[in-house]
Amino acid sequence: MPFPSSISGFKSNPLIVSLLFLIAAGLFSSGCKSEPEAIGSSFTDTFDGPCLRNYWHDTIGRYAVIDGKLNINGAYNHPLWLKYALPVEVTIEFDARSLTKDGDIKVELFGDGRSFAFNRGAYVASGYVLCMGGWGNTKTFIARQAEHAQNLLVTTAVKVTTGKIHHNKIESFMEGSHLIINWFIDGKLALSMRDKNPLYGRKNRWFGFSNWSSDVWFDNLMITPRAKKP
7 MPFPSSISGF
17 KSNPLIVSLL
27 FLIAAGLFSS
37 GCKSEPEAIG
47 SSFTDTFDGP
57 CLRNYWHDTI
67 GRYAVIDGKL
77 NINGAYNHPL
87 WLKYALPVEV
97 TIEFDARSLT
107 KDGDIKVELF
117 GDGRSFAFNR
127 GAYVASGYVL
137 CMGGWGNTKT
147 FIARQAEHAQ
157 NLLVTTAVKV
167 TTGKIHHNKI
177 ESFMEGSHLI
187 INWFIDGKLA
197 LSMRDKNPLY
207 GRKNRWFGFS
217 NWSSDVWFDN
227 LMITPRAKKP
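Per the working numbering: the sequence shown = residues 7 to 236.
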């Protein structure tokens with residue numbers, strides 16, 4: 007096809023006009039980023055489909071939906087990120103079961119939605135790590151990014167029972183300028199964190215499932231924004 011020698015040549019060729027329009031649209035949109043889609047009144051996933059829905063971002067390629075449940079065996083701190091952004095005041099509930107004695111049921115709250123560990127090395131999370139039965143099922147903790155730090159919020163009274171379905175409920179809300187995270191396991195308050203420098207922000211609004219080397223099954227995820235105070 008000969009190259010048009012005038013503007014009128016461009017106008018008379020719909021293929022070239024369409025191509026120029028796409029290029030211009032791409033240049034225009036590259037200068038500003040759209041807001042990520044946020045959770046509205048509520049979000050649920052019971053993992054009943056044949057595979058992961060496209061609103062999940064799998065950072066290792068090992069998460070699978072099997073018999074109506076989400077399974078991960080050896081994520082090595084590669085979260086499965088939900089692509090929908092969370093509000094800062096939110097309630098998250100899910101069921102979790104570990105089939106290995108080392109427990110290690112883990113989620114990440116208010117992460118960046120994309121980070122993961124490299125080569126099974128040390129992982130400094132982008133958000134808050136909530137781990138039930140970590141370090142060989144010896145402790146349950148909430149970590150502010152670094153789960154190997156000395157100042158973890160820890161309890162040794164709560165551990166994973168192999169094969170048992172543990173119901174988890176996480177509440178997040180603000181008290182003044184402080185972020186409060188309450189973590190209930192099987193109906194009892196396991197840990198409560200108060201952070202005077204909340205990680206939540208434009209780049210920290212996502213939730214993810216994770217673990218290290220255990221065989222963990224998740225189900226019945228429900229995320230509900232907390233009602234705004236009048």
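All residues carry an ideal CB built from backbone N, CA and C; glycine is no exception.
Tell me whether the beta-carbon of residue i lies closer than 9 Å to the beta-carbon of residue j.
i      : j      : result
Ser216 : Glu114 : yes
Ile66  : Leu136 : no
Arg211 : Phe116 : yes
Asn77  : Asp221 : yes
Leu197 : Val160 : yes
Glu177 : Phe190 : yes
Asp225 : Thr97  : no
Ile171 : Ala102 : yes
Ser48  : Met199 : no
Tyr134 : Leu205 : yes
So what does DSSP say about residue i, is it helix, strand or coil?
i      : result
Gly37  : Here the model assigns Gly37 a pLDDT of 41, short of 50, so the residue's position is not dependable and the matter cannot be decided.
Ser220 : coil
Thr65  : coil
Ile29  : Summary for Ile29: the model assigns pLDDT 42, below 50, so the residue's position carries little reliability; its value from the coordinates is reported in the next sentence. Helix.
Lys202 : coil
Val96  : strand
Asp192 : coil
Asn60  : coil
Lys75  : strand
Thr50  : strand
Ile229 : strand
Gly55  : coil
Gly207 : strand
State the Cα-Cα distance for the pair residue i and residue j, rounded to the nearest angstrom.
i      : j      : result
Leu28  : Ala155 : Residue confidence for Leu28 is low, a pLDDT of 41 falling below 50, so the modelled location carries little weight; the figure read from the coordinates is stated next. So the alpha carbons of these two residues sit roughly 49 Å apart.
Ser36  : Asp118 : Low local confidence applies: a pLDDT of 39 at Ser36 is under 50, so the model's placement there is unreliable, with the coordinate-based value given in what follows. Spanning the two alpha carbons is a distance of roughly 20 Å.
Lys175 : Leu88  : 17 Å
Gly169 : Ala123 : 27 Å
Ala30  : Ala44  : Its pLDDT being 42, under 50, Ala30 is placed unreliably by the model, and the measurement read from it follows with that caveat. Roughly 28 Å between the two C-alpha positions.
Ser104 : Asn203 : 33 Å
Val3   : Leu58  : Residue 3 lies beyond the range of the chain shown here (7 to 236); nothing can be said about it.
Gly140 : Ile148 : 10 Å
Gly74  : Ala233 : 30 Å
Gly55  : Tyr61  : 13 Å
Thr50  : Thr162 : 31 Å
Ser121 : Ala131 : 7 Å
Val164 : Thr146 : 6 Å
Spatial neighbours of residue i within its chain, please: CB distance less than 6 Å, with the 5 preceding and 5 following residues excluded, ordered by chain position.
i      : result
Lys112 : Cys137, Ser216 and Asn217
Pro93  : Pro231
Pro42  : Ala91
Asp64  : Leu86
Gly109 : Gly139, Asn143 and Val166
Excluding the 5 residues flanking residue i on each side, which residues of the same chain have their C-beta closer than 7 Å to its C-beta?
i      : result
Asp201 : Arg150, His184 and Leu185
Arg126 : Tyr82
Ala128 : His154
Residue ranges of each beta strand (DSSP E) run of no fewer than 3 residues wholly in the region 102-189, ordered along the chain? Runs of the beta strand (DSSP E) inside the region 102-189: 111-117, 130-139, 145-152, 159-161 and 172-181.
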